[in-house]
Every structure is written in structure tokens, then in C-alpha cells.
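Everything on this sheet refers to the single structure shown next.
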Amino acid sequence: MKERTGTVPNKNLLFVGITGGIGAGKTTVIEYIAAHYPARILSADEIAKNLCRPDGECYEALRATFSDASYWNANGTMSRETFTAEVFSDEEKRNRLNAIVHPAVKRYIIKEFEKEKQTGEHDYLILEAALLVEDHYDEICDELWYVYASEETRRERLIRTRGYSKEKADQIMQSQLPENRFRHVCERVIDNDGTEEEMIASIRKVFDEVAR
């Protein structure tokens with residue numbers, strides 16, 4: 000089921016955006032999909048990192064906008080530590096950063112979608128983006144899928160796997176969209192609140208539905 004043969008244009012390629020709150024296990028879900036379905040995976044975060052490198056589309060605009068030397072390493076690359084500490088904690092600076100990076104990421108993703116339709120190598124293009132709903136990826140994706148896990152489960156995972164305090168986990172979760180908003184905008188739900196076997200069953204159920 001994993002491999003797809005032939006390189007004819009695939010007009011039926013399904014472009015899916017996957018989202019969910021922090022700690023929901025989106026990475027685990029996507030890793031299973033990549034291993035068991037003819038899907039190509041795109042990460043908006045990884046694309047953004049590449050576009051911000053010295054040879055990337057966003058680099059010159061970022062250097063002009065954030066000209067202070069503290070934002071940049073000696074080799075010319077972005078100092079992610081400084082950007083995280085200063086830019087992401089300042090709404091005005093964060094908006095300037097997002098105005099440069101987010102449109103470029105979306106342009107890149109659209110180009111890759113068009114390429115995938117022409118190569119015919121995959122049946123699914125899967126996009127993971129932290130701000131999938133907020134950045135209106137529903138405008139370019141065929142469907143949005145929501146990876147669900149309860150707040151209790153997500154909190155426990157963040158404490159166990161990332162070493163977060165309960166307070167930090169709660170603060171991050173409260174800053175994100177609520178569950179009812181995710182469910183309202185997403186066409187399908189993958190339940191990742193239980194065992195691995197239950198997660199796999201939920202993924203298979205969703206793929207069975209879209210394959211009909």
C-alpha cells in the first residue's frame with residue numbers, strides 16, 4: 000500500500016492539513032502515515048527554517064527588518080535563541096516576522112502541491128503546520144484533520160517527554176485554539192488520546208473514509 004507506481008499526473012491527489020494542540024501527538028500520527036500510506040509529508044516549520052537561511056527567499060528581508068547584530072550569528076545565520084527570546088515575546092516584532100515568513104511558506108507549499116499533482120508519485124500530500132487554522136490553510140488544503148487528545152493526556156505528555164512544568168504546559172495550551180474550534184473547522188478527527196493501537200485504528204478509519 001505504501002508504494003505508488005507510475006508518474007502520470009495525479010489529479011486526485013488529496014492535500015491534507017493536519018493540526019491539533021501541543022502534546023496531541025501530531026508527529027507520531029504523521030510518522031505512521033508516512034510509513035504506511037503513499038503520502039508526502041511537508042512541515043511548515045521546516046520550510047520556514049529553510050527559507051530563513053542565507054540562501055533562502057526570506058533572508059534579505061529579515062536582515063533588513065531585524066538589522067541589529069544580536070539577531071544574527073557570526074556566520075550570518077539567524078540566531079534562533081535571540082529571535083525566540085525577543086521577537087516571539089513582542090507582538091509587534093512577531094507580526095513583522097510573520098508578515099515576511101508566512102506568505103513565503105504558503106507560496107512554497109502551493110508550488111510543491113502543483114509539483115505533486117504532476118509527478119503522480121503520491122496519493123496524499125500531508126501538511127503539518129502549528130497555525131494551520133489561524134493562517135487559513137483551509138483555503139489551499141482539500142481537508143483539515145484534527146489530532147485529538149484530552150488536556151489531561153497532553154499535559155502528561157508534555158511533562159514526561161519535554162520536561163515542562165504543569166504551569167508551563169497549561170500556559171501553552173491555554174494560548175492555543177480550543178478543542179471546539181478545531182472540531183468546527185476540521186473535516187475529520189484522529190483520536191490519539193489512548194493507546195497506540197487505538198491511534199492506528201483511528202488513522203485507518205479516516206483513510207478508509209477518504210478512499211471511498
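Residue 0 is where the sequence shown starts when you use our numbering, and the numbers rise one by one after that.
Just so it is clear, CB atoms sit at the ideal spot from N, CA and C, and this is done for glycine as well.
Nothing here was measured: the structure is a model prediction, and the numbers come from that model.
For Arg-211 against Leu-124, the beta-carbon gap comes to about 19 angstroms, at or over 8 angstroms, which does not count as contact. Shown here, Ala-38 sits in a strand according to DSSP, grouped into three states. Within a 10 Å sphere around the beta-carbon of Lys-165 sit fewer than 16 other beta-carbons, which makes this residue exposed.
It is roughly 12 angstroms from the alpha-carbon of Glu-113 to the alpha-carbon of His-121. The beta-carbon separation of Ile-109 and Val-146, rounded to 23 angstroms, does not stay under the 8 angstroms limit for a contact.
Shortest Cα-Cα distance from Ile-202 to any of Val-28, Ala-63 and Leu-143 involves Val-28. Less than 8 angstroms separates the beta-carbon of Leu-126 from that of Val-15. The stretch 167–178 makes no contact with the stretch 40–53; the number of CB pairs closer than 8 angstroms stays below 3. A distance below 8 angstroms between beta-carbons, with the five flanking residues on each side excluded, links Gly-75 to the following residues of its chain, in chain order: Pro-53. Asn-72 and Val-205 have their C-alpha atoms spaced approximately 44 angstroms apart. Rounded to the nearest whole angstrom, the CA to CA distance from Ile-17 to Ala-128 is 7 angstroms.
Comparing C-alpha distances from Ile-46 to each of Met-77, Val-104 and Glu-90 shows the shortest one belongs to Val-104. The Cβ atoms of Gly-24 and Asn-191 lie closer than 8 angstroms to each other.
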